[in-house]
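Please read the structure below before turning to the comments.
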Amino acid sequence: MTAASLHLELPKLTADAEALRQEVRAFVAGERATGRLPPPHRVGLGFDKEFTRRIARKGWIGLTWPKRYGGQERSALERYVMNEELLAAAVPVGAHWVADRQSGPVLLKFGTEAQREFYLPRIAAGDLTFSIGMSEPESGSDLASLKAKAEKVEGGWRLNGRKIWTTNAHHAQYIIVLARTSTVEGARHAGFSQLIVDMTSPGISISPIVSMANEHDFNEVLFEDVFVPDDALVGKEGNGWNQVSAELAYERSGPERWLSSFRLISELVEALGPDARPSSLEELGRLISHLLSLRQLSMSVASMLQQGQSPNMEASIVKDLGTKFEQEAVRVVRNIVSAEHLTAGGRAERLKALLIHAQQYAPAFTIRGGTNEILRGIIAKGIGLR
Amino acid sequence: MSENRSFFRDTVERILADTLDKADIDAAEERRLLPAALHDALTENGITLMLVPEDQGGIGATLGDTAEMLRLIGDAAAPGPILETIVGQRLLADAGLEVSPGLLSLVFVEDGPQLPRDATQWQQAAAYDVPWAQAVEQIIIVARDGEGGRLIVSQAADWTVGPGADAAGEPRDTLTATSLPVTIALLPDYDAALQMAATLRGAQILGAIQWALRRSVEHAGERKQFGREIGKFQAVQQMLAELAGHVLASSAITEAAAEGQTSGLVAAARSRLGDAADAAITISHQVHGAIGFSLEYALNARTRRLMAWRDDYGSVLYWRRALGTRFNTLDRETFWFGVSDAGLAA
């Protein structure tokens, strides 16, 4: 690939996808009307097990999976549309987000038939929360340096190690851990495997990590001689790196990479009204132009995924630009709020609370799921450098 | 890609390869010399009439196809009033005026002269920043007024030309006339005409940005310092990756604008291209180092055009205000509907 091949085609959204959009909007409006889901005061994915079950009853978890595993066999573009609607409304999808986006698809692609039959219908029913066990205290961007180790024992594996920044480990029933299962001389990325670990296994301890936004999403998870049975190995022993790389492509191109700050912009628009000064309109217009561009880009990438292409560089660009946009949005909203005195005198309290929280949360946007510097390394390679 | 578009693209690529080289660009900038072979070929192949409907003697191409041609023309840094002629001919055709094969110049003015519809003379006429006034046959001034706008059509030869230039060195002249013969036609929708020109200039900007990225990546792979290609350094890789992001995002929205032609998409494209152009100028020159600053190096033929073009047919700030005004009357729930409705899919 080179710089010359940086070109996208218009996304192809079907009538079915647009029908689903209206269905999701009606569902969200219904939820709002009950008073159970007020517009949020915080950015980020909320966690609500009951809401996840209501989403599951609509058939919206595992939407693209085969029906025999509890899915609906809808297209990836329909899933894209559903997700952007749910994220823009900022309803709490945190309890199933990782399982729907990553863990389920990994099992579908690499798992055994028994694993698919056991886990996928339960994920689709909204019963299971999954965590991802990748980062370690000494292995962040340099994931291949990780030290978690699973040794072969009778009937399974003995897992030792420490995973960190593990979102929702304290809620999860399962975690898919990336650990070293063998060593291949001179091949740094060989010898890793993915294991599904039951969080109730003896030897697991979870310590909370409270974020600077004063929230408990992250954890550190310690594995001490945890027994993992043979049938919990995902895919081939030693193929973990390839499997994880495939997983990261799903993680990088979705609308969650540019919609984190969206509610903040909505609340700004609500508070701003028609009498805004020209400089505020210019700042807002610029922000919206980036938002519309990112959305066109993200839809195109979803469309390419749907057609069976592997737009890895484009997905990395979505995440690099999207997360920078999320941070930029916080700065722009702050400036407009200040210029227009929008929160003075006790006005626009939700906007005020969101703005404080978004500022605290914003540093994470360009770190989680691969730092922007790592992503730009991938992009540089994609355009023919390195 | 449609069959038509492939055909147009092959034609324009061939014309550009056959008729334009760096010496022609230099001559246009230094001596106000129009690259005649290029414009003759574009005219002979009907490209200058591509937006005019077939029954009025044109090709009747879509705006999407035309934008793709302008992207190639921007990529090549081709000088001359190409966009002006293509849009001008279409406006003449829409107004029921005679389409002639010659070149046109075009300017949009928000506060134009208040001439009566049946006026045939414009006293103390003046027009500013008129591209290539001495190289064209007719000059079209598109003036906004209370009812939409009007086209003020004049013969270039009737004006007195005060030479000026844009950042690329291409002519943008000040025109005056004590009593100018004019033909005036009503333009029902000034904004639609402005959007058409803005979209095509956007495509031209995109082409120049794409060229700048491509050349910068090549340069980073050739130029050695500290014993290796500068593209091996992470600092350089990070800059070029950032520029690649600007290129991809602005091409996504520019193509959507050209296909969809909604005012929201056009405004978004020109606002987004403003940031992409700024980044392209900064990053491509930084990667090139001193050599890019030399007038004879081809990079600045693109970057100086970006400087000239980014605020054409509505400045970056104009389009941002337009977009902000579209959205700021929405509320916290309808804002998202506005965003998603503005999108375009095939």
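So the sequence lines, in the order shown, correspond to chains A and B.
All residue numbers for the first sequence refer to this note's numbering, where the first residue is 56 and numbers rise by one.
All residue numbers for the second sequence refer to this note's numbering, where the first residue is 79 and numbers rise by one.
For every residue, glycine included, the Cβ atom is placed at its ideal position computed from N, Cα and C.
Query	Result
Rounded straight-line distance, which links the Cα of B:Glu176 to that of B:Leu170	7 Å
First and last residue of the uninterrupted beta strand (DSSP E) at A:Lys207	Lys204 to Val208
Nonlocal neighbours in the same chain, by C-beta distance under 6 Å from A:Leu360, ignoring five residues either side	Ala131
Separation of A:Gln364 from B:Gln316, as counted between CA atoms	25 Å
Candidates A:Trp120, A:Lys207 and A:Leu440: closest to A:Lys164 by CA position	A:Trp120
Closest residue to B:Leu120 among B:Ala355, B:Pro157 and B:Asp390 (Cα-Cα distance)	B:Pro157
Short Cβ contact (8 Å threshold) for B:Gly190 with B:Asp223	yes
Proximal residues to A:Asp71 (C-beta, below 8 Å), its chain only, five neighbours per side dropped	Arg129, Ser130 and Glu133
Separation of B:Ala345 from A:Glu306, as counted between CA atoms	31 Å
Interface residues of the region 322–338 of chain B facing chain A [CB-CB below 7 Å]	Ala322, Gly323, Val325, Leu326, Ala327, Ser328, Ser329, Ala330, Ile331, Glu333, Ala334 and Glu337
Classification of A:His396 by the beta-carbon crowding that lies within 10 angstroms, buried from 16 upward	exposed
Euclidean distance between Cα positions of B:Leu326 and A:Leu336	25 Å
Burial state of A:Asn223, where buried means 16 or more other Cβ atoms lie within 10 Å	buried
Interface flag, B:Asp143 vs chain A, CB-CB below 8 Å	no
Coil, strand or helix - B:Gln167 by DSSP	helix
Separation of B:Phe415 from A:Ala143, as counted between CA atoms	10 Å
Contiguous alpha helix (DSSP H) assignments of at least 4 residues, all confined to the region 293–357 of chain B	312–338
Sequence-distant residues of the same chain with beta carbon closer than 7 Å to A:Gly210, five excluded per side	Pro284 and Asp285
Limits of the beta strand (DSSP E) - the one that B:Trp71 falls within	Limits of chain B in this structure are 79 at one end and 424 at the other, which puts residue 71 of chain B out of reach.
Chain A residues whose Cβ lies nearer than 7 Å to that of B:Ala423	Leu65, Pro66, Lys67, Leu68 and Met354
Beta-carbon spacing of B:Trp387, B:Gln282 below 8 Å	yes
Environment of B:Asp143 [buried if 16+ CB atoms lie within 10 Å]	buried
Nearest neighbour of B:Thr238, chosen from B:Ala221, B:Gly227 and B:Gln202 [CA to CA]	B:Gln202
Helix, strand or coil at A:Ala234 according to DSSP, with G and I counted as helix	strand
Chain-order list of residues whose beta-carbon lies under 7 Å from that of A:Gly125 (same chain, five-residue window excluded)	Gly117, Leu175, Pro176, Ala179 and Ala180
Limits of the unbroken alpha helix (DSSP H) element including A:Ser393	Asn367 to Glu395
Simplified DSSP state of A:Val281, which is helix, strand or coil	strand
Cβ shell of B:Leu401 (< 8 Å), same chain only, five flanking positions each side left out	Gly342, Ala345, Ala346 and Ser349
Buried versus exposed call for A:Asp272 [16 or more other C-beta atoms within 10 Å across all chains shown]	buried
Test item: CB-CB of A:Glu279 and A:Thr236 under 8 Å	no
Endpoints, beta strand (DSSP E) assigned at A:Ser248	Phe247 to Asp253
Chain-order list of residues whose beta-carbon lies under 7 Å from that of A:Asn274 (same chain, five-residue window excluded)	Thr221, Ala224, His225, Ile261, Ser262, Pro263 and Ile264
Every unbroken alpha helix (DSSP H) within the region 366–397 of chain B, with a cutoff of 4 residues, ordered by chain	377–387
Assumed close pair A:Val385, A:Ala417 - CB separation to whole angstroms, cut-off 8 Å	5 Å
For A:Arg217, the three-state DSSP class (helix, strand or coil)	strand
Positions along the region 342–353 of chain A whose CB lies within less than 8 Å of some CB in chain B	Ile343, Ser344, His345, Leu346, Leu347, Ser348, Leu349, Arg350, Gln351 and Leu352
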